[in-house]
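Novice: Have a look at this one before I ask anything.
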Amino acid sequence: MNSQIYGISSWPDTDAILDKLKQLLKQPPRPIRRDAMPAVLDYFETRCAGSKKLAAQAAGVIPGGVQHNLAFNYPFPLAAERCEGAYMWDIDGNRYIDFLQAGGPTLLGSNYAPVREKVHALLDECGPVTGLFHEYEVKLAELIRQHMPNIEMFRMLGSGTEGVMAAIRLARAYTGRKWVIKVGGAYHGWSDQMVYGMRIPGTGRREATGIPTGATAYTQECFPNDLDALKRKLLLNRLRGGTAAVIVEPLGPESGTRPVTADYNRQVRELCDKFGALLIFDEVVTGFRVGMGGAQGYFNVRPDLTVFGKCLTGGYLMAGGVGGSKEVMMLLAGGIGTTSRRAFVGGTLSANPLSCVAGYHAIAEMARTNAAVLAGRAGDRLCQGLNRIIGKLGLPYVAYNQGSIVHLQTSAVLLMSMKNPLKLMKEANVRKHMMEEMGAACLAHGILTLAGSRLYTSMADTDEVIDDALSRFEQVLSLV
Ligand SMILES: Cc1ncc(COP(=O)(O)O)c(C=O)c1O
Numbered sequence: 001m002n003s004q005i006y007g008i009s010s011w012p013d014t015d016a017i018l019d020k021l022k023q024l025l026k027q028p029p030r031p032i033r034r035d036a037m038p039a040v041l042d043y044f045e046t047r048c049a050g051s052k053k054l055a056a057q058a059a060g061v062i063p064g065g066v067q068h069n070l071a072f073n074y075p076f077p078l079a080a081e082r083c084e085g086a087y088m089w090d091i092d093g094n095r096y097i098d099f100l101q102a103g104g105p106t107l108l109g110s111n112y113a114p115v116r117e118k119v120h121a122l123l124d125e126c127g128p129v130t131g132l133f134h135e136y137e138v139k140l141a142e143l144i145r146q147h148m149p150n151i152e153m154f155r156m157l158g159s160g161t162e163g164v165m166a167a168i169r170l171a172r173a174y175t176g177r178k179w180v181i182k183v184g185g186a187y188h189g190w191s192d193q194m195v196y197g198m199r200i201p202g203t204g205r206r207e208a209t210g211i212p213t214g215a216t217a218y219t220q221e222c223f224p225n226d227l228d229a230l231k232r233k234l235l236l237n238r239l240r241g242g243t244a245a246v247i248v249e250p251l252g253p254e255s256g257t258r259p260v261t262a263d264y265n266r267q268v269r270e271l272c273d274k275f276g277a278l279l280i281f282d283e284v285v286t287g288f289r290v291g292m293g294g295a296q297g298y299f300n301v302r303p304d305l306t307v308f309g310k311c312l313t314g315g316y317l318m319a320g321g322v323g324g325s326k327e328v329m330m331l332l333a334g335g336i337g338t339t340s341r342r343a344f345v346g347g348t349l350s351a352n353p354l355s356c357v358a359g360y361h362a363i364a365e366m367a368r369t370n371a372a373v374l375a376g377r378a379g380d381r382l383c384q385g386l387n388r389i390i391g392k393l394g395l396p397y398v399a400y401n402q403g404s405i406v407h408l409q410t411s412a413v414l415l416m417s418m419k420n421p422l423k424l425m426k427e428a429n430v431r432k433h434m435m436e437e438m439g440a441a442c443l444a445h446g447i448l449t450l451a452g453s454r455l456y457t458s459m460a461d462t463d464e465v466i467d468d469a470l471s472r473f474e475q476v477l478s479l480v
């Protein structure tokens, strides 16, 4: 593993973390004290009146009142007004240290001026979309290839979800097989075939409302880090047509919430080679955030196909794509096409000049500034500080990080498993609500997190920002 040019200074001791998480799950939930919650909720009532009003209005016209999966909705969603660097301001003028970072794409910090200026210039010149071909499509693909040698060819799409759909379609077209194996708990977007074993391993179709069984008929899941189970599935599938692809989040399901062991990806690669399945790395989160070579560069493992999203456009719209070897990628050839067999992908706005200019300049800036390493250092500092606070307060919580992805497990709801369905049924909702309360308490102390349990750092997180955040976290965790 190459830590020098990557944001992950050392791979966490997976077994030790999983053990601590197991211990945390064994204990009863430890939420914010009941007598402390009224003050937390009072913050929203007294300081967030504008958001509250807008949220009530939204509830009448938007299902659930909120459209973004990562938006907080407890006690009500906050409406953002301004973002810059490490900070976000809501419409009531409250400032937050922003560890949501739009769910991951803004590794350079929010609303990074050098990229914004390039986007403005392009908008002035040709507007966001032409329907034709644009120079920046080539520049972006070449830049990706320069940093990720496994990507000989790249196809831009509309989102990570679309990238995953394309990768699976390509794998099936290339191998002539149907089965796709994912890791339980991993998120690969919301296409029919991937709403399977989401969040909690072993849950299969639990969230597949509105999805016919046929759509997931060739999707399978394995428990995280269980290579024997993966091998058994590959063996079984060999008797019934074979596996087209194994798809992984290379840090582990849910952006490394369940971290993989250091050697996991290499061993999955070996199994794929043995059984002739393609290996798909879903680098929607890790692409450029872990380092310019992505998780594949960090682990030094070659996937056959790589899915991109998020950092691909530095936070600008329509971040998605798929890349891989020329031999496989040529099955996607667009236009009149150069092959007779063609895996169909499309999108009126995909590969538009705006997304491509933003992507090119964002990635170029990430390389120039060494953003992944800077953000990774901030993640290390944040995680070390959180562990100090947890130790000082004698809490059972667990903090760990993979560079700029910091996990703070207080309720460990995402670590629950169908291996213990009774506990899951009994405690999942309580633990989920506890996480919501934790997220709300963080907000009331000026910290924006991802669902109260994940923190993305960016290049804008200086030592001062992190230290300020830590003193706020100490106040929050003292409420437990
Ligand atoms: C690992 C992973 N894959 C795919 C996706 C889907 O990407 P998008 O939200 O752009 O469709 C996500 C989104 O969070 C993700 O984290």
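Be aware that the sequence shown starts at 1, since it is given in the numbering used here, and climbs by one per residue. For every residue, glycine included, the Cβ atom is placed at its ideal position computed from N, Cα and C. Since this is a predicted model, take the numbers as computed values, not measurements.
Let me confirm a value: K310 is counted as buried when at least 16 other C-beta atoms fall within 10 Å, else exposed. Which label applies?
Specialist: Within the sequence shown, residue 310 is the residue found at index 310, counting from 1. It is buried - the Cβ of K310 has at least 16 other Cβ atoms within 10 Å.
Novice: Between A268 and L70, what straight-line distance do the alpha-carbon atoms span, to the nearest angstrom?
Specialist: On the sequence shown, residue 268 is found 268 positions in, with the first residue counted as 1. On the sequence shown, residue 70 is found 70 positions in, with the first residue counted as 1. Residue identity check: residue 268 is Val in the sequence provided, not Ala. Taking the straight line joining both Cα atoms gives about 30 Å.
Novice: Based on DSSP bridge pairs, tell me the residues matched to S110.
Specialist: Taking the sequence shown and counting its residues from 1, the one referred to as residue 110 is at position 110. DSSP output for S110 lists G85 as bridge partner(s).
Novice: Between which two residues does the beta strand (DSSP E) holding F154 run?
Specialist: Taking the sequence shown and counting its residues from 1, one reaches residue 154 at position 154. Start and end: M153 to L157.
Novice: Quick check on the DSSP output: the beta strand (DSSP E) that includes V248 runs from which residue to which?
Specialist: If you number the sequence shown from 1, residue 248 lands on position 248. Start and end: T243 to V248.
Novice: Ignoring anything shorter than 3 residues, give me the beta strand (DSSP E) runs that lie fully in the segment 256–323, in order along the chain.
Specialist: If we require 3 residues or more, the beta strand (DSSP E) runs fully inside the segment 256–323 come out as 278–282 and 305–309.
Novice: In chain order, which alpha helix (DSSP H) runs of at least 4 residues are fully inside the segment 120–178?
Specialist: Listed in chain order, the complete alpha helix (DSSP H) runs (minimum 4 residues) inside the segment 120–178 are 135–147 and 160–175.
Novice: Enumerate, from N- to C-terminal direction, the unbroken beta strand (DSSP E) stretches of 3 or more residues contained entirely within the segment 337–415.
Specialist: List check, beta strand (DSSP E) in window: 398–402 and 405–409.
Novice: Within 10 angstroms of the Cβ of P212, are there 16 or more other Cβ atoms? Answer buried if so, exposed if not.
Specialist: In the sequence shown, residue 212 corresponds to position 212, counting from 1. The residue in question, P212, is exposed, as its Cβ has fewer than 16 Cβ neighbours within 10 Å.
Novice: What separation, rounded to the nearest whole angstrom, lies between the Cα atoms of L271 and P12?
Specialist: Along the sequence shown, read from residue 1 onward, the residue named residue 271 stands at position 271. Along the sequence shown, read from residue 1 onward, the residue named residue 12 stands at position 12. Cα to Cα, the separation comes out at about 24 Å.
Novice: Taking 7 Å as the cut-off, does the CB of A358 come closer than this to any heavy atom belonging to ligand 1?
Specialist: Along the sequence shown, read from residue 1 onward, the residue named residue 358 stands at position 358. False, no ligand heavy atom lies under 7 Å from that Cβ.
Novice: Taking 7 Å as the cut-off, is the beta-carbon of D192 closer than that to any non-hydrogen atom of ligand 1?
Specialist: As a working note, residue 192 is residue 192 in the sequence shown. D192 Cβ: outside cutoff for every heavy atom of ligand 1.
Novice: Compute every distance between the C-beta of T313 and the non-hydrogen atoms of ligand 1, then say whether any falls below 7 Å.
Specialist: Mapped onto the sequence shown, residue 313 falls at position 313. The answer is no for T313.
Novice: Compute the Euclidean distance between the alpha carbons of L470 and G379, then round it to the nearest angstrom.
Specialist: Within the sequence shown, numbered from 1, the residue matching residue 470 stands at position 470. Within the sequence shown, numbered from 1, the residue matching residue 379 stands at position 379. Between L470 and G379, the C-alpha separation is close to 12 Å.
Novice: Given the structure, does D19 come close to ligand 1, in the sense that its CB is under 7 Å from one of the ligand's heavy atoms?
Specialist: Taking the first residue of the sequence shown as 1, we reach residue 19 at position 19. Not so, every heavy atom of ligand 1 lies at least 7 Å from the Cβ.
Novice: Report all residues from its chain with a CB closer than 6 Å to the CB of F281; omit the five preceding and five following residues, and keep chain order.
Specialist: Start at 1 with the first residue of the sequence shown, and residue 281 comes out as number 281. Only P250, Q296, P303 and T306 meet the Cβ criterion.
Novice: Which residues in the same chain have their Cβ closer than 6 Å to the Cβ of C383, if we skip the five residues on either side of it in sequence?
Specialist: Residue numbering aside, residue 383 sits at position 383 when the sequence shown is read from its first letter. So the qualifying residues of the chain are A399, N401 and V406.
Novice: Applying the 10 Å Cβ sphere with the 16-neighbour rule, what's the burial state of L422?
Specialist: Indexing the sequence shown from 1 puts residue 422 at position 422. Counting Cβ neighbours within 10 Å, L422 comes out exposed, since fewer than 16 surround it.
Novice: Going by other Cβ atoms of all chains shown within 10 Å of its Cβ, with 16 needed for buried, is Y389 buried or exposed?
Specialist: Here residue 389 refers to the residue found at position 389 when the sequence shown is read from its first residue. Per the sequence shown, residue 389 should be read as Ile rather than Tyr. The residue is buried, with at least 16 neighbouring Cβ atoms inside 10 Å.
Novice: Counting C-beta neighbours from all protein chains within 10 Å, is the total for L24 16 or more, i.e. buried, or is it exposed?
Specialist: Here residue 24 corresponds to residue number 24 of the sequence shown, with the count starting at 1. Answer is buried; the Cβ neighbour count reaches 16.
Novice: Would you mind reading off the limits of the beta strand (DSSP E) that contains L455?
Specialist: Your numbering for residue 455 matches position 455 in the sequence shown. R454 to Y456 is the extent of the beta strand (DSSP E) around L455.
Novice: Name the residue from I363, I62, D98 and D263 whose alpha carbon lies nearest to the alpha carbon of L448.
Specialist: Position 448 of the sequence shown, counted from the start, is the residue given in the question as residue 448. Residue D98 is the option with its Cα nearest to L448.
Novice: Within its chain, find whatever has a CB closer than 7 Å to the CB of I8; leave out the 5 residues flanking it on each side and keep chain order.
Specialist: To locate residue 8, count along the sequence shown from 1; it is residue 8. Same-chain partners within the cutoff: V290, Y298, G376, Q402 and G403.
Novice: Between the Cα of R47 and the Cα atoms of N94, D35, R206 and T261, which residue gives the shortest distance?
Specialist: Translated into the one-based positions of the sequence shown, residue 47 becomes position 47. For R47, the nearest C-alpha among the options comes from N94.
Novice: First and last residue of the beta strand (DSSP E) that includes E221?
Specialist: Along the sequence shown, read from residue 1 onward, the residue named residue 221 stands at position 221. From DSSP, the beta strand (DSSP E) with E221 extends over T219 to C222.
Novice: Of all the options F275, G109, K326 and P253, which has the alpha carbon lying nearest to the alpha carbon of P149?
Specialist: As a working mapping, residue 149 is identified with position 149 in the sequence shown. Checked all of F275, G109, K326 and P253; the closest Cα to P149 is K326.
Novice: Cutting at 6 Å between CB atoms, please list the residues of its own chain near I144, excluding the five before and the five after it.
Specialist: Counted from its first residue, the sequence shown places residue 144 at position 144. Correct list, in chain order: I151 and F154.
Novice: At a threshold of 7 Å, does Y298 count as lining ligand 1 (C-beta to nearest heavy atom)?
Specialist: By 1-based counting over the sequence shown, the position of residue 298 is 298. Checking every heavy atom of ligand 1 against the Cβ of Y298, none is found closer than 7 Å.
Novice: Give a yes or no on whether the minimum CB-CB distance between G287 and chain B is below 8 Å.
Specialist: The question asks about chain B, but that chain is absent: this structure has only one protein chain.
Novice: Identify, in the order they occur along the chain, each residue of the same chain with its Cβ nearer than 8 Å to the Cβ of K139, setting aside the five sequence neighbours on each side.
Specialist: What you label residue 139 is simply residue 139 of the sequence shown in a count that begins at 1. If we look at K139 and ignore the five residues flanking it on each side, its Cβ neighbours are C356 and Y360.
Novice: Can you name the residues that DSSP bridges to G185?
Specialist: Translated into positions along the sequence shown, residue 185 becomes position 185. M198, per the DSSP bridge assignment.
Novice: Would you kindly report the start and end of the unbroken beta strand (DSSP E) that includes R95?
Specialist: Position 95 of the sequence shown, counted from the first residue, corresponds to residue 95. Residues R95 to D98.
Novice: Using 7 Å as the cut-off, classify the Cβ of T161 as near or not near the heavy atoms of ligand 1, replying yes or no.
Specialist: Reading the sequence shown from its first residue, position 161 is the one you call residue 161. Answer for T161: yes, Cβ within range of ligand 1.
Novice: Got a sec, what are the start and stop residues for the alpha helix (DSSP H) E464 sits in?
Specialist: Position 464 of the sequence shown, counting from 1, holds the residue named residue 464. Taken as a continuous stretch (DSSP letters only), the alpha helix (DSSP H) holding E464 covers D463 to L477.
Novice: Closest by CA to Q475, which one among D463, P105, A39 and R205?
Specialist: Looking up residue 475 in the sequence shown gives position 475. Checked all of D463, P105, A39 and R205; the closest Cα to Q475 is A39.
Novice: Work out the CA separation of R341 and A460 for me, nearest whole Å.
Specialist: Residue numbering aside, residue 460 sits at position 460 when the sequence shown is read from its first letter. Residue numbering aside, residue 341 sits at position 341 when the sequence shown is read from its first letter. Taking the straight line from one Cα to the other gives about 46 Å.
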